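Every letter in the sequence shown is one number past the one before it in my numbering, and letter 42, counting from 1, is 23. The block underneath contains the structure these notes are about, expressed in structure tokens.
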Amino acid sequence: MKENLIQDKSFNFAILIIHLYKQLIDKKEFVLSKQLLRSATSLGANIEEAIGGFSKRDFTAKMGIALKEAREKKYWLRLIHISKIVEIDVTDYIKESEEIVNILTSIVKTLQTKE
-18 MKENLIQDKS FNFAILIIHL YKQLIDKKEF VLSKQLLRSA TSLGANIEEA
32 IGGFSKRDFT AKMGIALKEA REKKYWLRLI HISKIVEIDV TDYIKESEEI
82 VNILTSIVKT LQTKE
């Protein structure tokens, strides 16, 4: 099976976020943690849908949605970090999130210029 960088990165990152979610819940942080979990897992689901898309247009649209989810995930991580609502260091998560956003931005821009 051919490797897909963004597919693998989004899946692995979702696993990390699930573990972070557990830590956040243990610290009694329920609202931001739930938003983060939803956006992180939705990101990978949208990439999977894009890969299984029926057309280039469908693929582009789903990758665009994945990019929005990636940006939202980064937003929730930044809120957790800046607000210091819990004492968990999320800087590595933010860096990984930025990398995913950059990859998806590149994919979407490339797809849009080909249309």
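Quick reminder that beta carbons are idealized off the backbone N, C-alpha and C, glycines included. Since the model is a prediction, treat every value here as computed from it, not as a measurement.
According to the DSSP assignment, F11 belongs to no alpha helix (DSSP H), since it is labelled neither H nor E.
Measuring C-alpha to C-alpha distances from D73 to each of I(-2), I(-13), D(-11) identifies I(-2) as the nearest.
The C-alpha of V71 is placed about 23 Å away from the C-alpha of A26.
The region 46 to 57 and the region 10 to 17 touch, with no fewer than 3 CB-CB distances between them shorter than 8 Å. Residue E68 holds the alpha-carbon nearest to the alpha-carbon of K9 among E68, R38, H62, I(-13). The Cβ atoms of L5 and A51 lie no closer than 7 Å to each other. Beta-carbon to beta-carbon, F40 and A31 are separated by about 5 Å, close enough to satisfy the 8 Å threshold. Between the alpha carbons of F11 and A42 lies a gap of roughly 31 Å.
For L24 against S(-9), the beta-carbon gap comes to about 5 Å, under 8 Å, which counts as contact. If you draw a straight line from the Cα of V89 to the Cα of K3, it comes to about 32 Å.
The beta-carbon distance between E77 and F(-6), rounded to whole angstroms, is 6 Å. This is short enough to meet the 8 Å contact definition.
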